[in-house]
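Trainee: Handing you this structure, nothing more for now.
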Amino acid sequence: MYRNIHQEGYFTLLNCATMKPLQGWDVKTRNGKIEKLTDDEIQSVALEIVEDGERNPCITFPSGVDTLGVTFPFLVLNLKDLKRNFTLEVLVLDDKDIPRLLRLTNYQPGTLLKKRSGSHRRRGMAVQAIHMVGDWYQHELDLVDLVKKAFKTKYKETLKVRVSLRKRV
C-alpha cells in the first residue's frame with residue numbers, strides 16, 4: 001500500500017477520534033461488538049472490542065491481501081488492560097525478503113523462537129511476553145531490535161498488523 005510512497009515523521013494505523021477509526025481494517029467478530037466510547041481514566045475516545053464466548057475477536061491492517069510496506073522502525077500501542085488475553089502479531093519483511101512473524105502476548109510467559117511455522121511462506125516466528133502495568137499502558141516496539149534478536153536479520157518493512165483482544169485501544 002505505502003511501499004512506493006515517501007515516508008517520514010510517523011504513520012497512524014488506528015485513530016479512535018476519527019469518524020471511521022477502523023477504515024481499512026479487516027474486522028472479525030462472531031458474537032461480539034466494537035464500541036467507540038469515552039474512557040473515564042484518560043477522558044478520551046477509545047475503541048472497546050469484545051466477544052461473547054471463547055473466540056477472540058481480531059482486527060487486521062490492512063484488510064485483504066494488501067500489505068503495508070511501511071518502513072518505520074517503531075510501533076507504539078496504547079492499550080487498556082481489561083484483564084483478558086491479548087495478542088499482537090506484526091508480520092515484517094527482513095533484509096533477505098523473508099516474511100517473519102513477531103507475536104507479542106500477555107498470556108504466554110517468556111520468549112519462544114520457532115524456526116519454521118509453514119503458513120504464508122513464513123520462515124520463522126518469535127513469541128514474546130508483554131507485561132502490562134496499570135490500566136492504560138503504552139507499549140513501544142523497536143522492530144529493528146526485535147527482528148535482529150529473534151532472527152539475526154535486518155528489519156526492512158512492516159507488512160501487516162493484527163490485534164486479537166478484549167481490550168481498549
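Quick note on numbering: full-length UniProt numbering labels position 149 of the sequence shown as 149, and the sequence is numbered without any gaps.
By construction, the Cβ of each residue, glycine as well, lies at the ideal position given by its N, Cα and C atoms.
On a predicted model such as this, the values are computed, not experimentally measured, just so you know.
(1) Give the DSSP-derived three-state secondary structure of Trp-25 in the structure shown.
(2) Between the alpha carbons of Glu-46 and Leu-13, how many angstroms are there, rounded?
(3) By DSSP, does Ser-117 sit in helix, in strand, or in coil?
(4) When you compare each of Glu-157, Asp-135, Gln-128, His-139 to Ala-150 by their alpha carbons, which one comes out closest?
(5) Would you tell me roughly how many angstroms separate the C-alpha atoms of Val-169 and Lys-96, rounded to the nearest one?
(6) Under 8 Å between the Cβ atoms of Val-147 and Tyr-137?
(7) For Arg-121, does the count of other Cβ atoms within 10 angstroms reach 16, so buried, or fall short, so exposed?
(8) Looking at the strands, I want to know which residues DSSP matches up with Gln-43.
(9) Bridge partners for Ile-59 per DSSP, in chain order?
Mentor: So, from the listed chains and residues:
(1) Trp-25: coil per DSSP, three-state reduction.
(2) Just to set this straight, residue 46 is Ala in the shown sequence, not Glu. Taken atom to atom, the span from the alpha-carbon of Ala-46 to that of Leu-13 is near 14 Å.
(3) Note that Ser-117 has pLDDT 48, beneath the 50 cutoff, so the model's placement of it is unreliable and no number is given.
(4) The shortest C-alpha to C-alpha distance from Ala-150 to any of Glu-157, Asp-135, Gln-128, His-139 is the one to Gln-128.
(5) Summary for Val-169: the model assigns pLDDT 49, below 50, so the residue's position carries little reliability; its value from the coordinates is reported in the next sentence. Cα to Cα, the separation comes out at about 33 Å.
(6) No Cβ-Cβ contact shorter than 8 Å links Val-147 with Tyr-137.
(7) Unreliable placement is indicated for Arg-121, whose pLDDT of 47 sits below 50; no coordinate value is reported for it.
(8) For Gln-43, which the question treats as bridged, DSSP gives no partner whatsoever.
(9) DSSP lists Val-27, Val-163 as partners of Ile-59.
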